[in-house]
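Numbering-wise (our numbering), the sequence shown opens with residue 1481 and increments by one.
Report on the following structure.
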Amino acid sequence: MTMPPPERTAPGPVVADDLAAAPELLFAYYNATAAEMGHPTWPTPADLPDYFRVDYDDPAAYYSPPGGYLAARLDGRLAGGVGYHSYGPDVEVKRLYVAPDARGAGVAQALMAVLHERARAAGAPRCVLDVLPQRTGAINLYKRLGYRQIGPYRDDHGPIDLVCFAYDL
């Protein structure tokens, strides 16, 4: 399969398919989420709990086509990433992360713009996602991008309280 060329949102990040970057970015995402929630972080990827291992251990399987994993680089350094995969007719957005030193540089917007284009190209009617209610920065970002709050779109969240959003493509 031929991968699309990297995309640049000028001026700013370069976004490209990059499964090789997924483990590093996913580990950073998990630790950032834990810290934001007031929980201890994990010193090494081997310490991650099983429920995080589903995409960390095999991102190629978890984000398989028509999904994928996008990474953004700023000035050549890894700045953020986001995964996506099909969920019924929709595309589900997973684990958007921007490195602290890259926040405010348009990385999240660039990643999501490319993700939306990929979802449109795959014929999805919308993108869906869930987010912890404590992640107010992420919630505000999704609202600025045009996401609207919806009811739960999946029934396998367990006891975790999540806020769900959709973006019509």
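Cβ coordinates follow ideal geometry from the N, Cα and C atoms, glycine included.
Keep in mind that this is a model prediction, so the values were computed, not measured.
Span of the alpha helix (DSSP H), counted from its first residue to its last, around residue i
i              : result
glycine 1563   : No alpha helix (DSSP H) holds glycine 1563; the beta strand (DSSP E) holding it covers 1557-1567.
aspartate 1535 : 1530-1536
alanine 1551   : It is not in any alpha helix (DSSP H) - alanine 1551 instead sits in the beta strand (DSSP E) that spans 1548-1554.
alanine 1599   : 1587-1601
Short Cβ contact (7 Å threshold) for residue i with residue j
i             : j              : result
leucine 1558  : alanine 1508   : no
alanine 1652  : aspartate 1498 : The shown model of the chain, from 1481 to 1649, leaves out residue 1652, and the question about it has no answer.
proline 1546  : serine 1566    : yes
glycine 1556  : arginine 1575  : no
cysteine 1607 : valine 1573    : yes
proline 1580  : proline 1605   : no
alanine 1593  : leucine 1554   : no
C-alpha distance - residue i paired with residue j, whole-angstrom precision
i               : j                  : result
glutamate 1597  : alanine 1515       : 32 Å
arginine 1600   : valine 1495        : 17 Å
arginine 1634   : glycine 1492       : 35 Å
glycine 1631    : leucine 1609       : 11 Å
tyrosine 1543   : lysine 1623        : 24 Å
asparagine 1585 : aspartate 1537     : The sequence given here places alanine at residue 1585; asparagine does not occur at that position. Going from the Cα of alanine 1585 to the Cα of aspartate 1537 covers about 29 Å.
asparagine 1511 : phenylalanine 1645 : 23 Å
leucine 1625    : glutamine 1589     : 8 Å
histidine 1519  : threonine 1513     : 8 Å
alanine 1618    : arginine 1533      : 22 Å
aspartate 1648  : aspartate 1530     : 33 Å
leucine 1591    : tyrosine 1549      : 10 Å
tryptophan 1522 : arginine 1615      : 19 Å
methionine 1483 : leucine 1528       : With a pLDDT of 49 at methionine 1483, under the threshold of 50, the modelled position of this residue cannot be trusted; read the value that follows with caution. Between methionine 1483 and leucine 1528, the C-alpha separation is close to 30 Å.
methionine 1517 : isoleucine 1640    : 13 Å
arginine 1628   : valine 1571        : 15 Å
glycine 1603    : alanine 1526       : 37 Å
aspartate 1636  : leucine 1595       : 24 Å
threonine 1489  : aspartate 1535     : Low local confidence applies: a pLDDT of 48 at threonine 1489 is under 50, so the model's placement there is unreliable, and no value is given.
Where the beta strand (DSSP E) through residue i begins and ends
i            : result
glycine 1617 : It is not in any beta strand (DSSP E) - glycine 1617 instead sits in the alpha helix (DSSP H) that spans 1616-1624.
leucine 1576 : 1570-1578
alanine 1496 : 1494-1497
Beta-ladder partner(s) of residue i, from DSSP
i              : result
tyrosine 1647  : Cys1607
glutamine 1629 : Phe1645
aspartate 1581 : In DSSP, aspartate 1581 forms no bridge with anything.
Nearest candidate by alpha-carbon position, reference residue i, set the options
i               : options                   : result
asparagine 1505 : Ala1588, Glu1572, Gly1561 : The question names asparagine, yet the displayed sequence has leucine at residue 1505. The candidate whose alpha carbon is nearest that of leucine 1505 is Gly1561.
valine 1643     : Gly1626, Leu1612, Thr1616 : Leu1612
threonine 1524  : Pro1503, Met1517, Asp1535 : Pro1503
Closer than 7 Å to chain C by CB, residue i
i           : result
valine 1562 : No chain C appears in this structure, which consists of one protein chain only.
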